[in-house]
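Chemist: For the sequence shown, position 26 matches number 26 in the UniProt record's numbering, and the numbering has no gaps at all.
The C-beta atom is built at its ideal place from N, Cα and C for all residues, glycine as well.
Please read all numbers here as calculations on a predicted model, not as lab measurements.
I'd like to ask you about the structure that follows.
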Amino acid sequence: MLCLESDNVVEIQMINDLCSIDWKVKFRSIRRTNNKVVDRLAKTISDDIDHLVVLKDPPSEINIFLEKKIRLNVLVESNRN
């Protein structure tokens, strides 16, 4: 886990630029059980909620969730063909 510091001015400027765009945003509720990656990320960084956290290498649990999801998507796609 890496916290942004003053030497990361470029990243901060990019975030600021993204925040200044006139976005059209829609929110949709997704159950925690349907999005295990986001749930695990939220639990991982819950102690660092007062500042931006950048994960250079996601926790291994998240990689496992993503790999399972990729395998499932490949299986579904192969069954469609």
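Quick one: give me the first and last residue of the alpha helix (DSSP H) that Ile15 is part of.
Modeler: Here the question's residue 15 lines up with position 15 in the sequence shown. First-last of the alpha helix (DSSP H) with Ile15: Val9 to Cys19.
Chemist: State the Cα-Cα distance for the pair Asp50 and Arg40, rounded to the nearest angstrom.
Modeler: The sequence position of residue 50 within the sequence shown is 50, counting from 1. The sequence position of residue 40 within the sequence shown is 40, counting from 1. Near 18 Å, if we compare the C-alpha coordinates of Arg40 and Asp50.
Chemist: Please check the pair Ile45 and Val53, which I expect to be a contact at CB under 8 Å, by giving their CB distance rounded to whole angstroms.
Modeler: What you label residue 45 is simply residue 45 of the sequence shown in a count that begins at 1. What you label residue 53 is simply residue 53 of the sequence shown in a count that begins at 1. Their Cβ separation, rounded to whole angstroms, is 5 Å, which keeps Ile45 and Val53 in contact under 8 Å.
Chemist: Can you give me the C-alpha to C-alpha distance between Val25 and Leu18, rounded to a whole angstrom?
Modeler: Counting from one through the sequence shown, the residue named residue 25 turns up at place 25. Counting from one through the sequence shown, the residue named residue 18 turns up at place 18. The alpha-carbon atoms of Val25 and Leu18 are separated by roughly 13 Å.
Chemist: I need the DSSP call for Val54, collapsed to helix, strand or coil.
Modeler: Residue mapping note: residue 54 aligns to position 54 of the sequence shown, counting from 1. Note: Val54 maps to strand in three-state DSSP.
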